[in-house]
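Engineer: Please read through the structure below; I'll follow up with questions.
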Amino acid sequence: MLTLAIGASTDTGNLRGQNEDAHIAEQNLFAVADGMGGHNAGEVASAMAIEHLRGVALTGVASAEAFAQVVRDLNSAIYASATSTTDQRGMGTTLTAAALLAPTDNVAQPSQMVIANVGDSRTYLLRAGELRQLSVDHSYVQELVTEGLLTVEEAHTHPRRNIVTRALGIDSQVSVDTWTIPMFDGDRFMLCSDGLVDEVPLDEITELMQEHSAPQQIAERLVTAAKRHGGRDNITVIVVDVKVNADSSIETVAPETPPPSKKRILALVVVAVLFVGGFVALRHQRSGYFVAFTNSSSSATIAIYKGQPGGLLWIKPTVVEVSATKRYSMHSELQREIDRVQRFDSVDKARLYLKTFGAMVKTNG
C-alpha cells in the first residue's frame with residue numbers, strides 16, 4: 008500500500024510586497040506556480056493555474072499525455088483571460104507539477120508519478136540519499152548550459168538567469184515537458200519556485216533534504232534557508248515522502264525431524280555445510296533481477312537480467328529482455344542511475360521500471 012506524507016511552505020521573501028507564487032499539495036497532485044514577476048497580474052495567472060488543477064487532485068491522471076493536455080488547456084485559459092482583460096495583458100506563470108498516475112489494472116506494481124513542467128520552477132527527487140533534478144528549466148541560461156556555453160555554476164550567478172523562455176499564458180499554445188517516474192519506498196520529492204534555488208546552494212538543499220524529519224519541517228527549513236541567504240523573491244516549497252508497505256510475507260515453519268544419533272552428527276554436519284553452502288550460493292546468484300546497460304558503449308541498450316550483477320564462478324546472470332532505449336538518447340543523470348544498477352525482487356517490477364524509463368527521456372507535448 009502506498010502512503011504519502013506531505014509538507015508545504017510559502018513566503019513572500021524579504022523584499023517582495025506580495026506573493027505571486029501559488030501551490031497545491033493534496034494526495035494525488037502537487038504543483039507550484041510562480042507568477043511572472045515582470046508581467047502584470049502574475050499572481051492572477053499563478054492562482055488560475057492552481058485552481059484549474061484542483062479537479063486533477065481528486066482523481067490523478069491517466070497518462071503523461073493526459074497530464075500534458077491538462078496543462079495545455081490551462082495555458083489556453085490563462086491566455087484567453089490575459090488577452091480579454093486589460094489589466095491582465097501579458098500575465099503569465101511557470102508551472103511544475105507532479106500527479107499520481109491512476110492505476111489501469113489490478114496487478115501489484117510500483118506506483119508512478121507523472122511530472123509536467125513549463126518554465127523554471129523545479130521538481131527534484133531524493134532517492135537513496137542522492138538528490139537529482141527531474142525537470143529541465145525553460146530559461147535563457149539553461150539553453151546556454153545545454154549548448155555548452157555556460158557551466159551550471161556560472162548559470163547560477165548569470166545576470167540574465169531570470170529570463171524564462173517558456174511560460175503559461177504568454178502564447179496561445181505551449182509545449183509541455185513530461186516525465187513518468189516510478190516511485191519506491193523512501194523516495195522524497197521536492198517541488199519549488201526559483202526563489203529557493205536562486206538563493207540556496209545545491210549542496211545545502213541536498214543536506215536539508217537528507218534530514219530524517221517530517222516533510223513539513225523540511226519544507227519550512229528550506230524556505231527559512233532561502234530567506235537567510237537573501238530572500239529576494241517569493242519562495243514556495245512542497246516536500247512529498249513516499250512509503251510503500253509491502254504485503255506481509257507468509258511465515259513458513261520446517262517440519263520437525265528426529266535428532267540424528269551422536270555417531271552421525273559429525274558426518275552430517277560436514278555434508279550439511281558443504282551442501283547448504285553451495286545451495287545458498289547458487290540460490291543467491293540466481294535470485295532477484297536487475298536492470299543495467301548491456302555494455303559500456305554509447306549505443307548500449309538497457310536490459311533486465313536474472314541473477315546477481317557480476318555473477319560467481321560459472322553462475323552468470325541471464326538476460327530476460329532488452330529495451331530499445333539507447334544510452335546516448337538518455338540524459339546524463341538517467342545514465343548514471345542505470346549505471347548504479349537497479350535491483351528488484353520480481354521480474355514484473357523490473358519490467359515496469361524498464362517500461363517507465365522510456366518515458367523518463369524528455370518528451371515535448
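Converting from the sequence shown to my numbering requires adding 7 to each position, the first position being numbered 1. Quick reminder that beta carbons are idealized off the backbone N, C-alpha and C, glycines included. Nothing here was measured: the structure is a model prediction, and the numbers come from that model.
Here's the rule I'm using: 16 or more other beta-carbon atoms within 10 Å means buried, otherwise exposed. How should His145 be labelled?
Structural biologist: That one is buried.
Engineer: List in chain order: all unbroken alpha helix (DSSP H) runs of 4+ residues lying wholly within the segment 50 to 107.
Structural biologist: 71 to 91
Engineer: Skipping 5 residues on each side, what residues in its chain have a beta carbon closer than 8 angstroms to that of Lys333?
Structural biologist: Ser305, Ser306, Ala307, Thr308
Engineer: What is the DSSP secondary structure of Thr172, reduced to helix, strand or coil?
Structural biologist: coil
Engineer: Could you name each continuous alpha helix (DSSP H) segment of 4 residues or more that falls completely within the segment 206 to 260, going from the start of the chain to the end?
Structural biologist: Annotation note: the segment 206 to 260 contains the following uninterrupted alpha helix (DSSP H) runs of length 4 or greater, listed N- to C-terminal: 209 to 216, 222 to 235.
Engineer: Could you tell me the alpha carbon to alpha carbon distance between Arg228 and Pro316, rounded to whole angstroms?
Structural biologist: 39 angstroms
Engineer: Taking three-plus beta-carbon pairs below 8 angstroms as touching, is the segment 13 to 21 in contact with the segment 82 to 95?
Structural biologist: With a cut-off of 8 angstroms, the segment 82 to 95 and the segment 13 to 21 do not count as touching, because too few Cβ pairs lie within range.
Engineer: If we count the other Cβ atoms within 10 Å of its Cβ and call it buried at 16 or more, is Leu9 buried or exposed?
Structural biologist: The residue in question, Leu9, is exposed, as its Cβ has fewer than 16 Cβ neighbours within 10 Å.
Engineer: What residues match up with Leu198 in a beta bridge as DSSP calls it?
Structural biologist: Note: Leu198 sits in a beta bridge opposite Thr130, Ile245.
Engineer: With H, G and I counted as helix, E and B as strand and the rest as coil, what does DSSP make of His145?
Structural biologist: coil
Engineer: Roughly how far, in whole angstroms, is the beta-carbon of Val39 from the beta-carbon of Thr103, given that I think they are within contact range, below 8 angstroms?
Structural biologist: 5 angstroms
Engineer: Considering only residues of the same chain and omitting the five flanking positions on each side of Leu209, which have a CB-CB separation below 8 angstroms?
Structural biologist: Leu138
Engineer: What is the residue span of the beta strand (DSSP E) that Ala40 lies within?
Structural biologist: Here the beta strand (DSSP E) through Ala40 covers 36 to 41.
Engineer: Count the other CB atoms within 10 Å of the CB of Ser91; is the residue buried (16 or more) or exposed (fewer)?
Structural biologist: Note on Ser91: under 16 other CB atoms within 10 angstroms of its CB, so exposed under the neighbour-count rule.
Engineer: Note down the Cα distance separating Leu320 from Lys356, rounded to an integer number of angstroms.
Structural biologist: Confidence at Leu320 is low in this model, with a pLDDT of 44, below 50, so the placement of that residue should be treated as unreliable; the coordinate-derived value is given next. Looking at the two C-alpha atoms, the distance is approximately 27 angstroms.
Engineer: From Ala12 to Gly176, what distance separates their C-alpha atoms?
Structural biologist: 32 angstroms
Engineer: Short check: CB of Glu50 to CB of Gly42, under 8 angstroms?
Structural biologist: yes
Engineer: Check whether the Cβ atoms of Phe360 and Pro222 lie closer than 8 angstroms to each other.
Structural biologist: In the sequence as presented, Phe is not what sits at residue 360; that position holds Tyr. No, Cβ-Cβ distance for Tyr360 and Pro222 is not below 8 angstroms.
Engineer: With the cut-off set at 8 angstroms, would you say Ala75 and Ala32 are in Cβ contact?
Structural biologist: no
Engineer: Around the C-beta of Gly155, are 16 or more other C-beta atoms found within 10 angstroms, so that it is buried, or is it exposed?
Structural biologist: exposed
Engineer: Measuring only the C-alpha atoms, how far is Val148 from Thr325?
Structural biologist: If I take the Cα positions, the gap works out to 45 angstroms.
Engineer: Which residues mark the beginning and the end of the alpha helix (DSSP H) in which His163 is found?
Structural biologist: Its alpha helix (DSSP H) spans residues 159 to 164.
Engineer: Can you give the beta carbon distance from Ala384 to Val121, rounded, assuming they're within the 8 angstroms contact cut?
Structural biologist: Absent from the structure is residue 384, since the part of the chain shown begins at 8 and ends at 372.
Engineer: According to DSSP, simplified to helix, strand and coil, what is Val327?
Structural biologist: strand
Engineer: Within 10 Å of its beta-carbon, does Arg343 have 16 or more other beta-carbons around it, so buried, or fewer, so exposed?
Structural biologist: Under this definition Arg343 is an exposed residue.
Engineer: Please work out which residues of its chain come closer than 6 angstroms, Cβ to Cβ, to Ala52, disregarding the five sequence neighbours upstream and downstream, and give them in chain order.
Structural biologist: Gly42, Ile85, Met98, Gly99, Thr100, Gly176
Engineer: Can you find the residues in the same chain that come closer than 8 angstroms, C-beta to C-beta, to Asn21, ignoring five residues on each side of it along the sequence?
Structural biologist: Excluding positions up to five away in sequence, the list reads Lys234, Gly237, Gly238, Arg239.
Engineer: According to DSSP, simplified to helix, strand and coil, what is Val27?
Structural biologist: Checking the sequence shown, residue 27 turns out to be Glu, not Val. DSSP places Glu27 outside both helix and strand once states are collapsed to three, so it counts as coil.
Engineer: Around the C-beta of Leu65, are 16 or more other C-beta atoms found within 10 angstroms, so that it is buried, or is it exposed?
Structural biologist: exposed
Engineer: Report the partner residues of Met120 according to the DSSP bridge assignment.
Structural biologist: Leu107, Ile188
Engineer: Would you identify the three-state DSSP class for Ile345, choosing helix, strand or coil?
Structural biologist: helix
Engineer: Determine the contact status of Val327 and Ile345, defining contact as a CB-CB distance below 8 angstroms.
Structural biologist: No, they are not a contact pair.
Engineer: Excluding the 5 residues preceding and the 5 following Gln140 in the sequence, name in chain order all residues of the same chain whose CB lies nearer than 7 angstroms to its CB.
Structural biologist: Arg129, Tyr131
Engineer: When you compare only the Cα positions, how much space is there between Ala115 and Ser142?
Structural biologist: Because the pLDDT at Ala115 is just 48, under 50, the model does not fix this residue reliably, and the point stays unresolved.
Engineer: Pull up the DSSP beta-bridge partners for Arg358, would you.
Structural biologist: For Arg358, which the question treats as bridged, DSSP gives no partner whatsoever.
Engineer: Specify the secondary structure class of Ser336 as computed by DSSP and reduced to three states.
Structural biologist: helix
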